[in-house]
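Quick notes on the structure that follows.
There are 2 protein chains.
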Amino acid sequence: MSTIGKALSLLDLISRLDRDIGLTDLARLAALDKATARRFLVELESHGFVEQDGETRRYRLGAAPVRLARIRQARFPFVAVAAPFVRALADEAGETVHLSEYSGGRLATIHVEDSSQAHRVIVEIGAALPFHATASGLAFLAFLPEDEIDRALARPLERFTPQTTVDGQAVRGFLREARERGFSINRQGFEMGVISAAAPVLAPNGRPVGALAVAAPTARADMAKMLETGAAVAAAARGIAGTYYGTKR
Amino acid sequence: MSTIGKALSLLDLISRLDRDIGLTDLARLAALDKATARRFLVELESHGFVEQDGETRRYRLGAAPVRLARIRQARFPFVAVAAPFVRALADEAGETVHLSEYSGGRLATIHVEDSSQAHRVIVEIGAALPFHATASGLAFLAFLPEDEIDRALARPLERFTPQTTVDGQAVRGFLREARERGFSINRQGFEMGVISAAAPVLAPNGRPVGALAVAAPTARADMAKMLETGAAVAAAARGIAGTYYGTKR
DNA sequence: GCTTGCGGTTCATTATTTGAACCTGTATTT
DNA sequence: AAATACAGGTTCAAATAATGAACCGCAAGC
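Here it is as structure tokens:
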């Protein structure tokens, strides 16, 4: 892997930690030599992507991404455009709704609207959604060209729960269903006690850019219920794409 | 410069452009070989920091910073904490107020509240504020340790307007005044027709982390007016630091 | 006062980056 | 419709930068 790739992966690793981390620990976690990790950190810090605590000497995510994010959002207000749709869907379904975006090889949650109910599914912003084990991932995959689906399913599929589908052919079956229905359903594939329905947000060229999903506790929703909800999810996803890309339909 | 530094500078360059850019142009602007620029772009793209338009083949800022920014903001809600103070000051002063943060060797605007008046100063979010030519920069510099001030003023100071102070000794005089008063004033040093007063936001260890500034049209405000306004700016900056760091004082 | 483990640094070895030249496709010009 | 220009993208020998084992100095724990 290139130096740049390694440095960006290190940044990614730092972003996934929930507290400051020392040089030695970080180097071990990143499988880098201490000297290498240090040089990367110095570079990242000089550009503001990483910050070193003056007292503890530990490292954390810096402020530079905030500046870049504002610039990006000013030009592509995806979250701002989508938020009302997400809110409306959360109210309609009475469940937690989350929006994810494809970026850097992963599907990451970028916006969440919680259900008003006390017992609800909690989704973390920034969390990565595995393609084969979440409704969002399946919805996204389903509308990708065949060769890219092959690539995504080529590696062994990680098991997250006893219900996770780790067989590639079975996953392809779900993708076919999702394409036919316009939305995917996943039951306890990623987290126990959660069932979700998701639809892709499609760019005008037909390529998915992200996914919109409703996540409900299995105590309250079953497959039949999600089949009903799915239509609303798909409609909301189309609404987001239509508003964002300025194409009506 | 290291490869990582070059790649991050390229990213920074892309972030400062207001529209998509082609490979050849970008390589020229960044003073990189086309092949080098391309490899950097591929790396940056695979991590989501850069995005290539499928049709025009041009490049732009990607979505990854949005994810990182959310994580950073969740842990350090600087803007969220500061926003009410900025709003209150904008209402009180009747002028545009902007907050900047030090990151990656520069002072960048991270939040703006516009004055309600029709004729007002416009500040761009993400814009870099030169240390020697803006009230924010002077306020920030003034509270830095001596050796870091030396470093910042070592290079030739760029001239932005006929009024820009480009003499290091004269700048040091402004810094002394700023330390005594607790806020800095700059008149037309960066943009003609604008006068500003700024105060540093100080961490508990006394180190400045950013600056808060009021920017008014010279048609409406003179030096005497800004000397009055300055006290309110300094108070607001202390308020932000107190709330953010949880120290009342 | 000895040991452990931390952040940080050094420098000979090693692997990656570099860029001039080269493709290839597509507008634009003649 | 042939010729030109210029875009994005690729190649591979030469040049340069990255690497990591061993090191230092320091602080905390024993």
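Going down the list, the protein sequences come from chains S and D. Using numbering that gives the first Met the number 0, the first residue of the first sequence is number 0, and each one after it goes up by one. Using numbering that gives the first Met the number 0, the first residue of the second sequence is number 0, and each one after it goes up by one. Each residue gets a CB set at the ideal place from its N, CA and C atoms; glycine is no exception.
Using a Cβ-Cβ cut-off of 8 Å, state whether residue 148 of chain S counts as contacting chain D. Position 149 of the first sequence holds residue 148 of chain S. Answer no: the Cβ-Cβ gap between residue 148 of chain S and chain D never drops below 8 Å.
Based on the DSSP output, what are the partners of residue 209 of chain S in its beta bridges? Position 210 of the first sequence holds residue 209 of chain S. Answer is S:100 and S:200.
Would you please verify whether the beta carbon of residue 65 of chain D is less than 8 Å from any beta carbon of chain S? Counted from its first residue, the second sequence places residue 65 of chain D at position 66. Yes, contact with chain S.
Could you tell me the boundaries of the beta strand (DSSP E) in which residue 232 of chain S lies? As a first step, residue 232 of chain S is located in the first sequence; it is residue number 233 there, counting from the start. First-last for residue 232 of chain S: 222-244, but that is the alpha helix (DSSP H), not the beta strand (DSSP E).
Would a check of beta-carbon distances place residue 247 of chain D closer than 8 Å to chain S? The sequence position of residue 247 of chain D within the second sequence is 248, counting from 1. Low confidence applies here, because residue 247 of chain D scores a pLDDT of 41, under 50, leaving its location unreliable; read the following figure in that light. By this cut-off, residue 247 of chain D is not an interface position.
Counting Cβ pairs closer than 8 Å, one from the segment 33-48 of chain S and one from the segment 27-38 of chain D, do we hit at least three? no
Got a sec? Which residues, its chain only, sit under 6 Å from residue 88 of chain D by beta carbon, not counting five neighbours each side? As a working mapping, residue 88 of chain D is identified with position 89 in the second sequence. Closer than 6 Å at Cβ, skipping near neighbours: 96 and 235.
Mind listing the chain D neighbours of residue 7 of chain S? Cutoff is C-beta to C-beta under 8 Å, in chain order. Start at 1 with the first residue of the first sequence, and residue 7 of chain S comes out as number 8. Going along chain D in sequence order, the residues near residue 7 of chain S (Cβ under 8 Å) are 42, 43, 46 and 48.
Is residue 187 of chain D closer than 8 Å to residue 162 of chain D when the C-beta atoms are compared? Taking the second sequence and counting its residues from 1, one reaches residue 162 of chain D at position 163. Taking the second sequence and counting its residues from 1, one reaches residue 187 of chain D at position 188. Cβ atoms of residue 162 of chain D and residue 187 of chain D: closer than 8 Å.
Beta carbon proximity, residue 39 of chain D to chain S, threshold 8 Å: For the purposes of this step, residue 39 of chain D is taken as residue 40 along the second sequence, with counting starting at 1. True, the Cβ-Cβ gap to chain S drops below 8 Å.
Please go through the segment 42-129 of chain S and give each complete alpha helix (DSSP H) segment of 4 or more residues, from N-terminal end onward. 63-74 and 77-92
Quick check: what's the CA-CA separation for residue 215 of chain S versus residue 63 of chain D? On the first sequence, residue 215 of chain S is found 216 positions in, with the first residue counted as 1. On the second sequence, residue 63 of chain D is found 64 positions in, with the first residue counted as 1. The alpha-carbon atoms of residue 215 of chain S and residue 63 of chain D are separated by roughly 28 Å.
Rounded Cβ spacing between residue 249 of chain D and residue 196 of chain D (contact assumed at less than 8 Å): In the structure as shown, chain D starts at 0 and stops at 248, and residue 249 of chain D therefore has no counterpart that could be examined.
If we count the other Cβ atoms within 10 Å of its Cβ and call it buried at 16 or more, is residue 207 of chain D buried or exposed? Counted from its first residue, the second sequence places residue 207 of chain D at position 208. Classification of residue 207 of chain D: buried, given that the 10 Å Cβ count is 16 or more.
Who are residue 138 of chain D's beta bridge partners in DSSP? Walking along the second sequence from the start, residue 138 of chain D turns up at place 139. Its beta-bridge partners do not exist; DSSP assigns none.
Report the three-state DSSP secondary structure of residue 215 of chain D (helix, strand or coil). Position 216 of the second sequence holds residue 215 of chain D. Of the three classes helix, strand and coil, the one that applies to residue 215 of chain D here is strand, per DSSP.
Can you tell me whether residue 154 of chain S is helix, strand or coil according to DSSP? Within the first sequence, residue 154 of chain S is the residue found at index 155, counting from 1. Coil.
Confirm, please, whether the CB-CB distance from residue 238 of chain D to residue 84 of chain D is below 8 Å. Position 85 of the second sequence, counting from 1, holds the residue named residue 84 of chain D. Position 239 of the second sequence, counting from 1, holds the residue named residue 238 of chain D. Yes, the Cβ-Cβ distance between residue 84 of chain D and residue 238 of chain D is below 8 Å.
Can you list, in chain order, the stretches of the beta strand (DSSP E) that have 3 or more residues and sit fully within the segment 162-189 of chain D? 183-186
Under 8 Å between C-beta atoms, does residue 107 of chain S make it to chain D? Within the first sequence, numbered from 1, the residue matching residue 107 of chain S stands at position 108. Yes, residue 107 of chain S lies at the interface with chain D (some Cβ there is under 8 Å from its Cβ).
Just to confirm, does residue 189 of chain D get its C-beta within under 7 Å of one of the non-hydrogen atoms of the ligand PLP? With respect to the ligand PLP, the structure offers nothing, as it holds no ligand at all.
Here's the rule I'm using: 16 or more other beta-carbon atoms within 10 Å means buried, otherwise exposed. How should residue 191 of chain D be labelled? As a first step, residue 191 of chain D must be located in the second sequence, where it is residue number 192. Residue 191 of chain D is exposed by the Cβ-count criterion.
In three-state DSSP terms, what is residue 1 of chain S? As a working note, residue 1 of chain S is residue 2 in the first sequence. If DSSP states are grouped into helix, strand and coil, residue 1 of chain S belongs with coil.
So the candidates are S:222, S:229, S:201 and S:129; which of them puts its Cα closest to the Cα of residue 212 of chain S? Position 213 of the first sequence, counted from the first residue, corresponds to residue 212 of chain S. Cα-wise, what sits closest to residue 212 of chain S is S:229.
For the alpha helix (DSSP H) containing residue 25 of chain S, list its first residue and its last residue. Within the first sequence, numbered from 1, the residue matching residue 25 of chain S stands at position 26. Its alpha helix (DSSP H) spans residues 22-29.
Using the Cα positions of residue 159 of chain D and residue 132 of chain D, report the straight-line distance between them to the nearest angstrom. Walking along the second sequence from the start, residue 159 of chain D turns up at place 160. Walking along the second sequence from the start, residue 132 of chain D turns up at place 133. Cα-Cα distance, rounded: 8 Å.
Tell me which residues share the same chain as residue 60 of chain S and place their Cβ nearer than 6 Å to its Cβ, disregarding the 5 neighbours each side in the sequence. Within the first sequence, numbered from 1, the residue matching residue 60 of chain S stands at position 61. Excluding positions up to five away in sequence, the list reads 13 and 14.
To the nearest angstrom, how far is it from the Cα of residue 222 of chain S to the Cα of residue 92 of chain S? Within the first sequence, residue 222 of chain S is the residue found at index 223, counting from 1. Within the first sequence, residue 92 of chain S is the residue found at index 93, counting from 1. Going by the C-alpha atoms only, they are around 15 Å apart.
Is residue 210 of chain D near residue 106 of chain D, with beta carbons less than 8 Å apart? Counting from one through the second sequence, the residue named residue 210 of chain D turns up at place 211. Counting from one through the second sequence, the residue named residue 106 of chain D turns up at place 107. Yes, the pair counts as a contact, with Cβ atoms nearer than the cut-off.
Can you give the Cα-Cα distance for residue 137 of chain S and residue 67 of chain S, rounded to whole angstroms? Taking the first sequence and counting its residues from 1, the one referred to as residue 137 of chain S is at position 138. Taking the first sequence and counting its residues from 1, the one referred to as residue 67 of chain S is at position 68. Going from the Cα of residue 137 of chain S to the Cα of residue 67 of chain S covers about 30 Å.
Segment contact, 8 Å Cβ cut-off, at least three pairs: the segment 15-25 of chain D with the segment 50-58 of chain D: yes
Kindly identify the DSSP beta-bridge partner or partners of residue 194 of chain D. For this step, residue 194 of chain D is matched to residue 195 along the second sequence. Answer is D:186 and D:215.
Please go through the same chain and pick out, in chain order, the residues whose beta-carbon is closer than 8 Å to the beta-carbon of residue 42 of chain D, but skip the five residues on each side of it. Counting from 1 along the second sequence, the entry for residue 42 of chain D is found at position 43. Around residue 42 of chain D: 6.
Suppose the cutoff is 7 Å on Cβ atoms and the five residues either side in sequence are ignored; what does the same chain contact list for residue 248 of chain D look like? Here residue 248 of chain D refers to the residue found at position 249 when the second sequence is read from its first residue. With a pLDDT of 36 at residue 248 of chain D, under the threshold of 50, the modelled position of that residue is not reliable, and the figure given next carries that caveat. Same-chain partners within the cutoff: 241.
Taking CB distances under 8 Å as the criterion, tell me whether residue 100 of chain D reaches chain S. Taking the second sequence and counting its residues from 1, one reaches residue 100 of chain D at position 101. True, the Cβ-Cβ gap to chain S drops below 8 Å.
Whose C-alpha, out of S:121, S:115 and S:70, is nearest the C-alpha of residue 194 of chain S? Taking the first sequence and counting its residues from 1, one reaches residue 194 of chain S at position 195. Closest option to residue 194 of chain S, Cα to Cα, is S:121.
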